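Enquirer:
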Amino acid sequence: MASSFKIHFFGTSSAVPTKERGLSCLAIIHESSISFFDCGEGSQRAVINAGLGFNKDCNIFITHMHGDHVVGLLGILQTMAMNRREKPVKVFGPRGIVEFIRENQAILKFGLTFDILAKEVKSGLVFDEKNSKFRVHATRSEHSTLSFSYLFEEKEKPGRFHPDRAQKLGIPEGPLWSKLQHGENVALPGSRKKISPDQVLDESRPGKRIGVSGDTRPSESLEKFFKNTDVLIFDSTYSDKNKENAIENMHSTSREAALLARKARVRQLILTHFSARYRSVSHLVKEAREEFPNTIAARDMMVYDLSTLS
Ligand SMILES: [Zn+2]
Numbered sequence: 005m006a007s008s009f010k011i012h013f014f015g016t017s018s019a020v021p022t023k024e025r026g027l028s029c030l031a032i033i034h035e036s037s038i039s040f041f042d043c044g045e046g047s048q049r050a051v052i053n054a055g056l057g058f059n060k061d062c063n064i065f066i067t068h069m070h071g072d073h074v075v076g077l078l079g080i081l082q083t084m085a086m087n088r089r090e091k092p093v094k095v096f097g098p099r100g101i102v103e104f105i106r107e108n109q110a111i112l113k114f115g116l117t118f119d120i121l122a123k124e125v126k127s128g129l130v131f132d133e134k135n136s137k138f139r140v141h142a143t144r145s146e147h148s149t150l151s152f153s154y155l156f157e158e159k160e161k162p163g164r165f166h167p168d169r170a171q172k173l174g175i176p177e178g179p180l181w182s183k184l185q186h187g188e189n190v191a192l193p194g195s196r197k198k199i200s201p202d203q204v205l206d207e208s209r210p211g212k213r214i215g216v217s218g219d220t221r222p223s224e225s226l227e228k229f230f231k232n233t234d235v236l237i238f239d240s241t242y243s244d245k246n247k248e249n250a251i252e253n254m255h256s257t258s259r260e261a262a263l264l265a266r267k268a269r270v271r272q273l274i275l276t277h278f279s280a281r282y283r284s285v286s287h288l289v290k291e292a293r294e295e296f297p298n299t300i301a302a303r304d305m306m307v308y309d310l311s312t313l314s
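According to this note's numbering, the sequence shown is numbered sequentially starting from 5.
#1: Do the region 105 to 117 and the region 37 to 50 make contact, defined as three or more Cβ pairs closer than 8 Å?
#2: Report the partner residues of D239 according to the DSSP bridge assignment.
#3: Quick one: is T143 buried, meaning 16 or more other Cβ sit within 10 Å of its Cβ, or exposed?
#4: Do you know how far the Cα of V125 is from the Cα of P98?
#5: Could you spell out where the beta strand (DSSP E) holding R213 opens and where it closes?
#6: Are there 16 or more other CB atoms within 10 angstroms of the CB of V20, so buried, or fewer, so exposed?
#7: From the DSSP output, read off the bridge partner residues of S17.
#8: Can you check whether the CB of D309 is closer than 8 Å to the CB of H255?
#9: Here's the rule I'm using: 16 or more other beta-carbon atoms within 10 Å means buried, otherwise exposed. How should G76 be labelled?
#10: Please classify A268: does DSSP put it in a helix, a strand, or coil?
#11: When you compare only the Cα positions, how much space is there between A122 and V74?
#12: Could you tell me the alpha carbon to alpha carbon distance between N87 and L78, rounded to whole angstroms?
#13: According to DSSP, S151 sits in a beta bridge with which residue or residues?
#14: Could you tell me whether the Cβ atoms of A262 and L273 are closer together than 8 Å?
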């Protein structure tokens, strides 16, 4: 069975919700883990509607400390406690994230059944664990407050294992096979001969990468950060007509998002964080496609399956 690797869009509106769009929140499901990127108000309801539950291995990445991106975090944590979650939750965000959680917990007096490991991030590698199948990097974005963009990077996957080759080399099935599959050299039983993984495995396959811009103006540094990503999810608050607002409020137009996607040579652009003034965002998509054809617009509850990208 192909392993699960999907992006769930929970909230795709900017600043205020609309009937159709909630406040910023998306999650990347990678096998048994869930990684949230921003948790606007109402996020937990969307998670429930998507049937995802609150007991997965969970990491939460906050792009910036504006209410419409972070207030929903409290509800998610409280509901996890109501569900008697025991596994810890890791929360990453800019300066203020640790205090935000600590103070709210004290004022609202909610007890937790699990540990929250909250950490303020800097540009660079922010998440990597020996047993995790992905890592997450951060870089500064350009918004009206300290903000970060994130890059979710699936780790390299070992190539396909060939049991026939292992048998031919005289390696008995069992723990030695597993070691080779995990990239370790093994010694052939009863001899000094070493067998290396490349004798029984195809070449390793690079993992996929997903960029999440958060709120930002486009910039050269983001273009570099998102270079060659498979999927780029980018601030697309405004259309061409409202470019002045984009500059003033430190957001991007859909065309600017598309220009950056083209220069960064990404494979798929997904626009999100639309101003509530637009009932339809089809003109934003049209403007973006003039620069970068492989563009789609996110909508609430949309699921993007990474396995569709070969
Ligand atoms: Zn925002």
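Where is the CB? At the ideal position from N, CA and C, for every residue including glycine.
Since the structure is predicted, the reported quantities are computational estimates derived from the model, not experimental observations.
Expert: Working from what's here:
#1: No, they do not touch.
#2: Under DSSP, D239 forms a beta bridge with T276.
#3: So T143 counts as buried.
#4: In a straight line, the C-alpha of P98 is about 6 Å away from that of V125.
#5: Residues 213 to 216.
#6: Per the 10 Å Cβ criterion, exposed.
#7: Beta-bridge analysis with DSSP links S17 to L27, F278.
#8: Not in contact: H255 and D309 (Cβ atoms no closer than 8 Å).
#9: Label assigned to G76: buried.
#10: DSSP places A268 in coil when its eight states are reduced to three.
#11: One C-alpha to the other measures close to 13 Å.
#12: Distance between the alpha carbons of N87 and L78: 14 Å.
#13: Answer is H68.
#14: Cβ atoms of A262 and L273: closer than 8 Å.
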